[in-house]
Amino acid sequence: MQTDPRTVLVTGASRGLGAALALELAASHHVIAVARTIGGLEELDDRIKAAGGQATLAPMDICEDGAMATLCRSIHDRWGKLDLWVHTAIHAAPLSPAPMIDAKDWDKSLATNVEATRRLIAYVAPLLGTGGRAVFFDDPRGGEKFFGAYGATKAAQIALARSWATETQRTGPGVEILSPKPMATALRARFFPGEDREALASPADEARSLAQALVAG
Numbered sequence: 056m057q058t059d060p061r062t063v064l065v066t067g068a069s070r071g072l073g074a075a076l077a078l079e080l081a082a083s084h085h086v087i088a089v090a091r092t093i094g095g096l097e098e099l100d101d102r103i104k105a106a107g108g109q110a111t112l113a114p115m116d117i118c119e120d121g122a123m124a125t126l127c128r129s130i131h132d133r134w135g136k137l138d139l140w141v142h143t144a145i146h147a148a149p150l151s152p153a154p155m156i157d158a159k160d161w162d163k164s165l166a167t168n169v170e171a172t173r174r175l176i177a178y179v180a181p182l183l184g185t186g187g188r189a190v191f192f193d194d195p196r197g198g199e200k201f202f203g204a205y206g207a208t209k210a211a212q213i214a215l216a217r218s219w220a221t222e223t224q225r226t227g228p229g230v231e232i233l234s235p236k237p238m239a240t241a242l243r244a245r246f247f248p249g250e251d252r253e254a255l256a257s258p259a260d261e262a263r264s265l266a267q268a269l270v271a272g
């Protein structure tokens, strides 16, 4: 008897660690890949199919509440549940002294990193049930100079995830917060343009290690 495939929702799947994790997890899960960048999603889909996996592409902005609600209803209607949610979507505002943070960048950081995460937790939690898992990724930039907008909103996101993890510790779903190695991503290059990228981990290698732990766990 054929069993339904395990499913993973990857938010922020078109580039960097999100794309690399989606590709790795496609070996054991049907990937639902969410990102704004259509070209990046199509490239990911090609790579997943070439490796023998399957993906459903969802080219949308996680800040669009209606789109996220519709997506989660569609996941429920098609699969009935989610086994795993990997949340890598982030807005990285330009580095700036705290008194000079641009209001639009601040609002976008709050909308993407905090408010969208709050709504996604509300929508995804019923799909994960008691046996699924949600994974977030810490980046301890809070308090560093010029990282005010990014650091503050990323810290708020992780604080929200930690509260959820504590609340569901006995009942599920499992909520994990991981701290990847510094990676040679486009996001990091924006923050540290002169950095020696050869000294950094590759997203593919880091994703391989993380995916193995997620699947095994």
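Mapping to the numbering used here: the sequence shown position 179 is 234, numbers consecutive. Glycine included, C-beta positions come from ideal geometry on N, C-alpha and C. All values reported here derive from a predicted model rather than from experimental measurement.
Using DSSP bridges, identify the partner residues of residue i.
| i | result |
| --- | --- |
| GLY249 | Answer is none; GLY249 lacks a bridge partner. |
| GLY229 | ARG188 |
| LEU139 | VAL63 and ARG188 |
| PRO149 | PRO149 pairs with nothing; no bridge assigned. |
| MET238 | ALA256 |
Among the residues of its own chain, which have a CB less than 8 Å from the CB of residue i, if the five just before and after it don't count?
| i | result |
| --- | --- |
| GLY184 | LYS136, GLY227 and PRO228 |
| ARG243 | PRO237, GLU250 and LEU255 |
| GLY203 | SER151, PRO152, ALA153 and ILE156 |
Per DSSP, what kind of secondary structure is residue i in: helix, strand or coil?
| i | result |
| --- | --- |
| ILE130 | helix |
| ARG217 | helix |
| LEU183 | helix |
| PRO154 | helix |
| ALA113 | strand |
| ALA82 | coil |
| ALA88 | strand |
Leaving out five residues before and five after residue i in sequence, what residues of the same chain have Cβ atoms less than 7 Å from its Cβ?
| i | result |
| --- | --- |
| ARG173 | LEU215 |
| ASP100 | ALA110 and LEU112 |
| VAL270 | SER83 |
| GLY182 | One point to set straight first is that residue 182 is Leu, not Gly, in the sequence displayed. Only CYS127, ILE130, HIS131, LYS136 and LEU137 meet the Cβ criterion. |
| ARG196 | PHE202, TYR205, GLY206 and LYS209 |
Identify which residue in the options has its Cα closest to the Cα of residue i.
| i | options | result |
| --- | --- | --- |
| PHE301 | ARG225, ALA124, ILE213 and PRO152 | Since the first residue shown for the chain is 56 and the last is 272, residue 301 is missing from the structure and cannot be characterised. |
| ALA88 | ARG133, GLY107 and THR143 | THR143 |
| THR240 | ILE145, LEU233 and MET115 | ILE145 |
| LEU96 | HIS84, ALA105, THR111 and ALA106 | THR111 |
| ALA275 | ARG188, THR223, GLY186 and LEU165 | Residue 275 is absent from the structure shown; the chain starts at 56 and stops at 272. |
| TYR205 | LEU182, ASN168, ARG217 and GLY186 | ASN168 |
| ARG102 | ALA77, MET115 and ALA158 | ALA77 |
| ASP116 | ASP132, ALA90 and ARG133 | ALA90 |
| GLU199 | SER129, GLU222, PHE246 and ARG188 | PHE246 |
| PHE201 | GLU253, GLN224, ALA147 and LYS104 | ALA147 |
| ALA177 | ALA106, ILE93, ASP120 and GLY107 | ASP120 |
| THR275 | PRO248, GLY187, ARG252 and ALA268 | Beyond the ends of the chain as shown, which are 56 and 272, falls residue 275; an answer cannot be given. |
| ALA259 | ALA189, ARG225 and GLY71 | GLY71 |
| ALA122 | GLY107, SER218 and LEU175 | LEU175 |
Between residue i and the rest of its own chain, which residues show a CB-CB distance below 6 Å, the 5 nearest in sequence each way excluded?
| i | result |
| --- | --- |
| GLY73 | VAL65, GLY67 and THR143 |
| ALA207 | none |
| ASP193 | ILE213, ILE232 and SER234 |
| LEU126 | ALA113 |
| ARG134 | The amino acid at residue 134 is misidentified as Arg; the sequence shows Trp. Excluding positions up to five away in sequence, the list reads THR62. |
| SER69 | ALA90, THR92, GLY95 and LEU96 |
Please tell me whether residue i and residue j are closer than 8 Å, where the distance is taken between their beta carbons.
| i | j | result |
| --- | --- | --- |
| ASP160 | PRO152 | no |
| ALA266 | LEU80 | yes |
| THR179 | VAL63 | The amino acid occupying residue 179 in the given sequence is Val; Thr does not appear at that position. For VAL179 and VAL63, no; Cβs fall outside 8 Å. |
| CYS118 | ALA75 | no |
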